[in-house]
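Residue numbers (my numbering): 128 to 242. By construction, the Cβ of each residue, glycine as well, lies at the ideal position given by its N, Cα and C atoms. Heads up: the structure comes next, in structure tokens.
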DNA sequence: AGAATGACACAGA
DNA sequence: CTCTGTGCCATTC
């Protein structure tokens, strides 16, 4: 019997992460979004932390496919810069045309993008 | 099953 | 505008 009654319940990484993955992957070049904006579209609203946490998980899987460097906090600061190691995150954003203010923060008023 | 953690957000001072 | 404290929701041990 090749009938699988178990129907593989492997949807552990499906639900929350895939949604974050999908949105972040849709961020256009030269634009940035915030964790709160993503969380809001996920329906989790106040679970902005989960978004960052989700990236951490995806980071262990396919980080190259996920432009997480375009995801910043509400302050426009590159919180995940530490995860990239060095100023790679800033370099990437600048390379895409993202501008920073004197405080080293992304100009949210200019590059803020919402899903 | 409960406690602890986490790449934030928001409100108040 | 900046800083501090609290809450959110899901995952992990």
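- Of the other Cβ atoms in all chains shown, fewer than 16 fall within 10 Å of the Cβ of residue 231; this residue is therefore exposed.
- The beta-bridge partner set that DSSP reports for residue 233 consists of 227.
- Sixteen is the threshold: since fewer than 16 other Cβ atoms of the shown chains lie within 10 Å of the Cβ of residue 153, the residue is exposed.
- Judged by DSSP in its simplified three-state form, residue 192 adopts coil rather than helix or strand.
- When the alpha-carbon of residue 235 is set against those of 216, 219, 158, the nearest one is in 158.
- In this structure, DSSP gives residue 239 an extended state, which the three-state scheme calls strand.
- Separation of residue 147 and residue 173 (C-alpha to C-alpha, rounded to the nearest whole angstrom) is 14 Å.
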